[in-house]
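Here is the structure we will look at, set down as structure tokens.
Listed below in structure tokens is the structure:
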């Protein structure tokens, strides 16, 4: 006599579990929801950084255009003078300066480099020292840059100031620098330089 075989209980060891069973086909609604979720994640991972880069690039380009418009009206070019210009006119713009702009004029008699930059007090000290002068030689309310040179690049030294100035004279062909410093911001002086050299 044979004993009828009992089906295995799912709780017993060795019983076929959910993994051993045939997988149920995914219903359409679940598949659409999963694909939509995946597409959303991909858009967020790719689209957000790409959008940010695009916005940043446009802002940077617009900022550059604004600077160019601002300075082109006065003849100034936004940016640093070349190393050759800085060496020739003995104008060493301190590192980490902001609002740097310049303009160069040349004629048969005198060549001039007009430079402006915003720096720190340490940067101003370094600049004056490398030029061959010092902060102690700056005189209050001494606008050393002539009206003619101010008009060339549209500088106006009429704001609240205080304004400080110094002229660093040198024998030709070494350049002579007229320097005006605005200390409206005590921590970040704005420096204006006209360096003239006679070949």
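Residue numbers (UniProt numbering): 1 to 199. Every residue gets a Cβ at the ideal spot worked out from N, C-alpha and C, and that includes glycine.
{"query": "Residue 110 (DSSP reduced to helix, strand or coil)", "result": "coil"}
{"query": "First and last residue of the uninterrupted beta strand (DSSP E) at residue 167", "result": "163-168"}
{"query": "Exposure label - residue 123; buried when at least 16 CB within 10 Å", "result": "buried"}
{"query": "Residue environment, residue 109, which counts as buried when at least 16 other CB atoms sit within 10 Å", "result": "exposed"}
{"query": "Assigned secondary structure, residue 68 (DSSP; H/G/I helix, E/B strand, else coil)", "result": "Since pLDDT at residue 68 reaches only 48, below the 50 mark, its modelled position is unreliable, and the value read off the structure follows with that caveat. If DSSP states are grouped into helix, strand and coil, residue 68 belongs with the helices."}
{"query": "As assigned by DSSP and simplified to three states, the class of residue 198", "result": "coil"}
{"query": "Backbone CA spacing between residue 143 and residue 189 [nearest angstrom]", "result": "15 Å"}
{"query": "Buried or exposed (CB count within 10 angstroms, at least 16 for buried), residue 27", "result": "exposed"}
{"query": "According to DSSP, residues forming a beta bridge with residue 178", "result": "167 and 194"}
{"query": "Touch test, the stretch 122-136 against the stretch 99-106, Cβ-Cβ under 8 Å, three pairs minimum", "result": "no"}
{"query": "Residue from 196, 187, 140 and 195 with nearest C-alpha to residue 119", "result": "187"}
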